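Below: one structure, written as structure tokens.
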Ligand code: AMW
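Numbering (the numbering used here), first residue to last: 20 to 167.
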């Protein structure tokens, strides 16, 4: 069964973890290798709308997923980020936590990752020709699913 991610319908084949109240999916336009997303199952738009048990499940899931993607993608640090509202760069109207494995020298200036997060899915950037193939996303999801 497909899962809703804001305005998108997400195939189960690109989802690699489902908990009681959250799910994790691979990204169609990752900023770095291993850039994945964790969302509440309920399509709440803003972080403030989440119930305490949803916040708890979401961040417990983030912690598990973050450890796995850091290891799997050979990172040595992580950027964990929420763009909460359009002025903060949110384009999908469904709370989601970005998890990005980081390593030395991945950006010329370390905080440039935040510029990239702002820009990578803006109009003009987020076009089908720049998305990963479904096959690539499914292969990545399958290899991450094995950790859970
Ligand atoms: W936001 O700018 O709303 O904080 O981030 C939305 C994220 O969701 C981006 O990283 C974007 O690449 C990703 N994304 C959007 N639609 C899909 C989709 N259908 N499948 C996977 N990732 C998606």
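The C-beta atom is built at its ideal place from N, Cα and C for all residues, glycine as well. This one's a predicted model, so the numbers in the text were calculated from it and none came from an experiment.
Where residue 27 is concerned, the enclosing beta strand (DSSP E) starts and stops at 27-29. Contact annotation: residue 21 and residue 29 have beta-carbon atoms nearer than 9 Å. Residue pairing from DSSP places residue 59 in a beta bridge opposite 41.
Per DSSP, residue 98 is one residue of the beta strand (DSSP E) stretching across 96-100.
Judged by DSSP secondary structure, residue 120 falls within the beta strand (DSSP E) whose first and last residues are 116-121. Taken through DSSP and simplified to helix, strand or coil, residue 47 comes out as coil.
C-alpha of residue 143 to C-alpha of residue 111: approximately 15 Å in a straight line. DSSP, reduced to helix, strand and coil, places residue 163 within a helical segment of the structure shown. The stretch 80-87 makes no contact with the stretch 127-135: fewer than 3 CB pairs, one atom from each, lie closer than 8 Å. Under DSSP, residue 34 forms a beta bridge with 44. Boundaries cannot be given for residue 69, as no alpha helix (DSSP H) includes it and DSSP labels it neither H nor E.
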